[in-house]
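Q: Taking the working numbering, I'd label the letters of the sequence shown as residues 1 to 231.
Where is the CB? At the ideal position from N, CA and C, for every residue including glycine.
Predicted model, so just to flag it, every value in this text is computed and none were measured.
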Amino acid sequence: MSRKEDLMERRLQDLEAALYSAGRPLTVDEIKPVIKTRSDKVPYKVASALRKRYNARNRALEIVRLQDGRVSMQLKENYDDFVKQFNNKPLLKMGPLKTLSYVAFHQPVDQRQVIADRGSHVYSHLRMMEDMGLIHRERTEERSFIITTTSFYGDYFGFSHNPERSKIQLKQVFRDLKITKLENGTLENLFNGVIEGLDELDELKEGLADSGDGLTQGLPQYAGSSDNGSK
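Shown next, in the form of structure tokens:
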């Protein structure tokens, strides 16, 4: 093996290890130090070579370059239904999930508004979700916080990084799960409510999360605070 081939092999292994351990898509700037390069082009060359290697071996995993330029190691779509039987623990229980849905639907939203609509018990939800990297809180001059979801939230739940687009996708999840509209900060009759105000989705076909992206399904359990109830 030549020095050039040896370098490429080490870079392939390092990128594979980084993508696996990160558990999320990586940017070019994150990949460059991993494979020891300053070039913006080399990470894509290495990712392309790794993708071809995975494809040649007919793996369940694949290497994908996303539209925003990040590189992802992910399960092929045709395995989604198969793995659901193993991934039956939710990332969040219903209480924090309602709070996250509220934030995602209303973002950017003032923390005071979240508390007013959801109740003071959601302080613990917000702290937990911030620790998990699902939301970002930016302090305001009024000594409050403006809350938005993060790119990790989008990656984990299969939503767009564009807040407006992710709201449409979230609405579709509500529709698929037969969840009523957000009202006073809650999801009344969570799985049996009447959908209202979603008529504009009827003509939207592309980019909508399907019912397999249901927010409570197929996600690992968060091992943090036990204050993760149903409110």
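Determine the burial state of Ser39: buried for a count of at least 16 other Cβ atoms within 10 Å of its Cβ, exposed for fewer.
A: It counts as exposed.
Q: For Ala47, I'd like the list of residues in its chain whose CB is within less than 7 Å of its CB, leaving aside the five on either flank, ordered along the chain.
A: Counting only Cβ-Cβ distances below 7 Å, and skipping sequence neighbours, we find Leu15, Ile63, Arg65, Val71.
Q: From this set, Phe82, Gln74, Tyr123, which residue's C-alpha is nearest Asp155's C-alpha?
A: Ranking Phe82, Gln74, Tyr123 by Cα distance to Asp155 puts Gln74 first.
Q: Gly95: buried (16+ other C-beta within 10 angstroms of its C-beta) or exposed?
A: Label assigned to Gly95: buried.
Q: Within 8 Å of any Cβ in chain D, is that where the Cβ of Leu15 sits?
A: Given the protein chain composition of this structure (a single chain), no chain D is represented.
Q: Hey, how far is the Cα of Lys171 from the Cα of His161?
A: Between Lys171 and His161, the C-alpha separation is close to 15 Å.
Q: Report the residue ranges of all alpha helix (DSSP H) runs contained in full by the segment 57-103; include only those spanning at least 4 residues, in chain order.
A: As far as the segment 57-103 is concerned, its whole alpha helix (DSSP H) runs of at least 4 residues are 80-83.
Q: Should Phe82 be labelled buried (16 or more other beta-carbon atoms within 10 Å of its own) or exposed?
A: Result: exposed.
Q: For Phe145, name the three-state secondary structure that DSSP assigns.
A: Strand, per DSSP.
Q: Comparing C-alpha positions only, which one of Lys93, Ser144, Leu92 sits nearest to Ile115?
A: The shortest C-alpha separation from Ile115 is found at Ser144.
Q: Taking C-alpha atoms, which residue in Ala60, Pro25, Leu12, Tyr20 lies nearest to Thr37?
A: The residue with the shortest Cα to Cα distance from Thr37 is Leu12.
Q: Ile31 by DSSP, collapsed to three states: which one?
A: Of the three classes helix, strand and coil, the one that applies to Ile31 here is helix, per DSSP.
Q: Could you pull the DSSP bridge partners for Leu26 from this structure?
A: DSSP lists Val71 as partners of Leu26.
Q: Mind checking Met129: buried by the 16 CB within 10 Å criterion, or exposed?
A: Label assigned to Met129: buried.
Q: Using only the alpha-carbon positions, how far apart do Ala49 and Thr27 sit?
A: One C-alpha to the other measures close to 17 Å.
Q: In whole angstroms, what separates the C-alpha of Arg118 from that of Asp80?
A: Using only the alpha carbons, I get a separation of about 33 Å.
Q: Check this for me: beta carbons of Ile147 and Pro108, under 8 Å apart or not?
A: Yes, the pair counts as a contact, with Cβ atoms nearer than the cut-off.
Q: At which residues does the beta strand (DSSP E) containing His125 begin and terminate?
A: Element bounds for His125: not the beta strand (DSSP E) but the alpha helix (DSSP H), 122-131.
Q: Among the residues of its own chain, which have a CB less than 7 Å from the CB of Lys4, if the five just before and after it don't count?
A: Hits under 7 Å: none found.
Q: Using a Cβ-Cβ cut-off of 7 Å (strictly less than) and excluding sequence neighbours within five positions of Arg139, which residues of its own chain qualify?
A: Phe145.
Q: Tell me the rounded alpha-carbon separation between Arg53 and Val122.
A: So the alpha carbons of these two residues sit roughly 46 Å apart.
Q: Rounded to whole angstroms, what is the Cα-Cα separation between Gly23 and Glu141?
A: Those two C-alpha atoms are separated by around 35 Å.
Q: Exposed or buried, what is Lys98 when buried is set at 16 or more other beta-carbons lying within 10 Å of its beta-carbon?
A: By the neighbour-count rule (16 or more Cβ atoms within 10 Å), Lys98 is buried.
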